[in-house]
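Chains as they are written, first to last, in our numbering: chain Y, 1 to 721; chain X, 722 to 776. Glycine is no exception: its CB is placed at the ideal position from the N, C-alpha and C atoms. A quick note: this is a predicted structure, and the numbers were derived from the prediction, not measured. Take a look at the structure set out below.
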Amino acid sequence: MSSPSEPKKTGLLETYSYDDQIVRMFVIATMIWGAIAMLVGVTIAFQMATWKMNFGLQWITFGRLRPLHTNAAIFAFCGNAIFAGIYYSHQRLLKTRLFSDALSRIHFWGWQAIIISAALTLPFGITRGKEYAELEWPITIAITFIWVVFAVNFFGTLIRRRERHIYVAIWFYIATIVTVAVLHIVNGLSLPVTWTKSYSVYSGVQDALVQWWYGHNAVAFFLTTPFLGLMYYFVPKAANRPVYSYRLSVIHFWSLVFIYIWAGPHHLLYTTLPEWVQTLGMVFSIALWAPSWGGMVNGLLTLRGVWGKVRTDPVLKFMALALTFYGMSTFEGPLLSIKSVNSIGHFTDWIPGHVHAGTIGWNYLIIAGILYYLVKKLWNTEIYSLKIANTQFWLATIGLALYYLSMVTAGITQSLMWRAIDSTGKLVYPNFIETVVKIIPMYWVRAFGGTFVLISFLLMVYNLVKTMKQGSVGKEEVYEAYALDASSLEKNAAPHRKLEGLPMVFAVLSLIAILVGSAIEIVPSILSSQYVVKIDSVKPYTPLELLGRDLYIREGCYLCHSQQVRPMVHEVLRYGKNSEAGEFIYDHPFQWGSKRTGPDLARVGGKYPNMWHYRHMINPRDVTPQSIMPNYKWLVDQKIVYATLEKKLSAMKQLGVPYSKEDIETGVVKAKEQAQVIAADLMTSGVPKEIEDKEMIALIAYLQRIGVDYGSLPAEKTAGE
Amino acid sequence: MEVITILIPIAILLALAFIVGFIWMTVKGQYDDLETPAMRILLEETDNTIKKEKK
């Protein structure tokens with residue numbers, strides 16, 4: 001077979017130019033959204049250090065802002081950076097203009113519109129209640145559409161390429177596009193109730209499994225593979241040296257994409273997920289060590305011989321540090337996936353620490369390198385100030401170190417306090433709040449570390465804007481290259497080129513189509529059968545409890561409270577019987593959470609009187625001194641919305657929750673009856689009668705129900721290992 | 722848990738797609754030369770193509 005780069009070309013000599021304007025647009029969007037994402041991040045970091053930073057405003061309370069931070073950081077900041085980097089390198093690697101200028105613009109403006117709609121819904125509590133997949137169904141569909149636009153534009157460009165060989169970077173891009181589409185669609189399946197409310201089609205354990213299969217792979221295929229592709233283009237370009245080993249990059253790619261998809265269950269270790277699935281996830285996570293480090297080594301060794309340049313060139317400097325942090329995070333990730341390590345790290349601040357070593361250390365820093373490179377090239381100038389870039393570099397590094405070290409310290413400290421048992425078999429720190437107060441200083445350190453990172457980012461924005469101002473965009477250059485045809489293949493005739501490219505577009509589109517179709521067909525049918533061991537005493541929520549549950553989701557309670565008692569002695573001592581899979585079959589979506597800033601709530605039902613919850617929601621410090629939970633005063637002002645209750649109950653019925661026709665029709669009446677009972681109880685303690693139709697009542701109804709059906713059964717078996 | 726009956730096939734499907742992709746690319750000669758692709762990306766347009774003035 002002839003080498004792809006053989007020079008005897010006989011094809012048509014064609015002229016072409018690059019669409020660099022679209023890259024500039026994505027570069028600017030990256031700068032704007034990055035600043036906003038980090039600003040929100042710093043805000044919520046201070047909210048954890050002091051509850052007063054919630055200002056008593058529901059729209060900016062932690063539970064509402066945290067999804068905004070994660071979505072902005074992942075999809076707005078990293079997303080726009082990915083598109084900028086891919087569109088720049090894709091054209092150059094393939095010697096062709098992007099498939100369609102119009103599609104590029106639809107992609108750009110569509111994506112920005114999605115981000116804005118996220119910013120306009122999440123603060124209002126419009127959420128699906130699944131981490132990193134919070135956006136409600138119309139936005140979820142819009143994301144799918146724009147992603148397909150991106151895919152068509154990307155693969156269309158690939159068809160029109162003038163370079164036979166597809167460089168390894170592009171393989172990472174392809175894996176990203178295909179896998180993100182699949183993950184997004186499978187996890188996004190939900191049954192709409194209104195324009196702003198839907199329920200996940202999965203429930204309980206199933207929902208958890210799908211969610212973390214998605215959640216982990218969002219990290220893998222949105223924050224890792226595209227950036228590895230970009231690394232394979234921009235690091236060699238910036239260093240002006242070929243990648244250390246092209247062979248290794250090929251092995252790196254195929255092993256990474258094959259292994260990553262299986263690692264999700266490591267987010268659910270010690271939960272009610274079947275043991276074998278947990279083990280599977282753990283084993284594949286550990287296996288990820290090899291390809292991850294292969295990639296890091298390949299990137300760092302590309303810099304051999306140019307270390308002098310790394311000291312002075314900001315582009316290389318940021319990339320070298322990013323690769324180092326990538327190596328660190330991908331070492332720590334598998335470590336945390338080992339069950340015994342996970343039992344300590346899970347639910348603690350170690351996890352946000354780990355996540356930010358990846359997102360700040362790897363994503364932000366490599367984006368910084370790419371942005372400096374792109375702005376230099378696309379505005380035909382040199383970086384405005386190396387001094388500012390240097391200051392940015394050190395501020396980001398110190399900020400991240402403060403962030404990471406404080407969070408690991410906080411996480412391990414708190415975890416050890418949770419599990420401390422004295423010689424009489426009792427918890428040493430039975431009051432959860434003791435373990436919170438202990439780590440508040442660490443929350444302050446984290447908040448200031450985050451502030452450093454934010455300032456470093458703003459410095460870069462300033463530096464880049466100045467660079468753009470001193471440079472000029474210039475005219476589009478026109479280049480010439482030979483079209484791909486017979487001469488670059490061995491024997492094939494010219495028309496083959498078209499045929500060769502087209503199937504790829506169809507492959508992606510049909511894959512998406514097949515998956516959507518089959519999922520929609522299969523999911524409801526298999527949902528009706530419940531292989532999860534059924535617990536007879538577990539019954540569906542009452543209508544009022546269901547409304548309360550929606551409020552629980554709206555306020556983002558799951559972001560600080562888990563609902564999963566792991567089978568460990570200290571957890572059973574602290575919370576009660578360990579959770580069983582059968583308890584969650586009516587939970588659309590599941591609310592197990594991933595972090596315990598506050599205590600687990602899986603057994604909170606019946607633990608406190610209604611009045612305790614009432615006082616606690618208005619001001620947590622009335623019942624738990626030193627609590628860092630925000631006040632939820634608006635719950636006593638806002639009325640319960642009964643109007644959509646019937647629709648909600650029918651939707652649940654469609655999803656397999658056994659509500660009878662009568663249950664649905666009498667839903668509102670029954671809900672109001674239950675509300676009166678709770679209100680009457682509160683009124684005996686002096687609460688005014690107006691509380692009856694307020695949201696507080698519904699939330700209390702739900703809280704008092706959590707875990708009761710199974711948890712209050714006689715403890716014939718106590719868990720523990 | 723039944724959802725595993727969807728997730729595993731999808732994961733296998735994806736993994737298979739990647740394997741097929743790998744075989745396809747190998748057959749296509751993408752990996753016949755593991756030296757020059759790394760060098761080629763370093764060439765700028767001005768080096769390996771004819772740059773023309775915009776009309």
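When Cβ pairs closer than 8 Å are counted between the two stretches, the segment 593-613 of chain Y is seen to touch the segment 674-688 of chain Y, the count reaching three or more. Membership of L13(Y) in the beta strand (DSSP E) is indicated by the continuous run 13-16.
Taken through DSSP and simplified to helix, strand or coil, I185(Y) comes out as helix.
Within the DSSP bridge table, the entry for S190(Y) names S200(Y) as partners. Within its own chain, the residues whose Cβ lies closer than 6 Å to the Cβ of I388(Y), once the five positions on either side in sequence are excluded, are L459, N463, listed in chain order. Contacts between I166(Y) and chain X, judged by CB atoms closer than 8 Å, involve M746, Q751 in chain order. With fewer than 16 other Cβ atoms inside 10 Å of its own Cβ, T15(Y) counts as exposed.
Contact between the segment 86-99 of chain Y and the segment 41-50 of chain Y is absent, with fewer than three C-beta pairs closer than 8 Å. Under the DSSP assignment, Y479(Y) falls in the beta strand (DSSP E) whose first and last residues are 478-482. By the neighbour-count definition (other C-beta atoms within 10 Å, threshold 16), P658(Y) is an exposed residue. By alpha-carbon distance to D550(Y), the top candidate from A679(Y), M282(Y), T196(Y) is T196(Y).
With its beta carbon at least 8 Å from every one in chain X, Y404(Y) lies outside the interface. For chain X, none of the residues of the segment 354-387 of chain Y brings a beta carbon within less than 7 Å of one of its beta carbons. Separation of the CB atoms of Q563(Y) and I706(Y) is rounded to 7 Å, and the pair is thereby assigned contact status at 8 Å. In this model, D101(Y) and D19(Y) are separated by some 7 Å (Cα to Cα). Take the alpha-carbon of R761(X) and the one of Q470(Y): they are about 31 Å apart. Against W212(Y), chain X offers no close residue; the least beta-carbon distance is about 11 Å (beta-carbon pairs closer than 8 Å).
Here M629(Y) is near W51(Y), since their CB atoms are less than 8 Å apart. Boundaries of the alpha helix (DSSP H) harbouring P730(X): 725-748, taken from the DSSP string.
Between the segment 358-365 of chain Y and the segment 418-430 of chain Y, the count of C-beta pairs closer than 8 Å stays below three; the two stretches do not touch. Between K689(Y) and A698(Y), the C-beta gap is not smaller than 8 Å, which leaves the two residues out of contact. The count of Cβ pairs closer than 8 Å, one atom from the segment 211-224 of chain Y and one from the segment 298-307 of chain Y, stays below three, leaving the stretches out of contact. Annotation: S385(Y) to F457(Y) spans about 14 Å, alpha carbon to alpha carbon.
Here A643(Y) is exposed. Its C-beta has fewer than 16 other C-beta atoms within 10 Å. Annotated as proximal: N187(Y) and V210(Y), with beta-carbon spacing under 8 Å. DSSP places L316(Y) in the helix class (H, G or I) of the three-state scheme.
Exposed is the label assigned to E476(Y), since fewer than 16 other Cβ atoms lie within 10 Å of its Cβ. When rounded, the separation of the alpha-carbon atoms in P441(Y) and G353(Y) is 15 Å.
DSSP places N390(Y) inside the alpha helix (DSSP H), whose first and last residues are 386-419. Between the alpha carbons of N298(Y) and L12(Y) lies a distance of about 37 Å. K438(Y) has its alpha-carbon roughly 32 Å from the corresponding atom of T127(Y). Contact check for R161(Y) and K237(Y): beta-carbon distance about 18 Å, past the 8 Å limit, so the pair fails to qualify. For T179(Y), the C-beta contacts it makes with chain X under 7 Å involve L735, in order along the chain.
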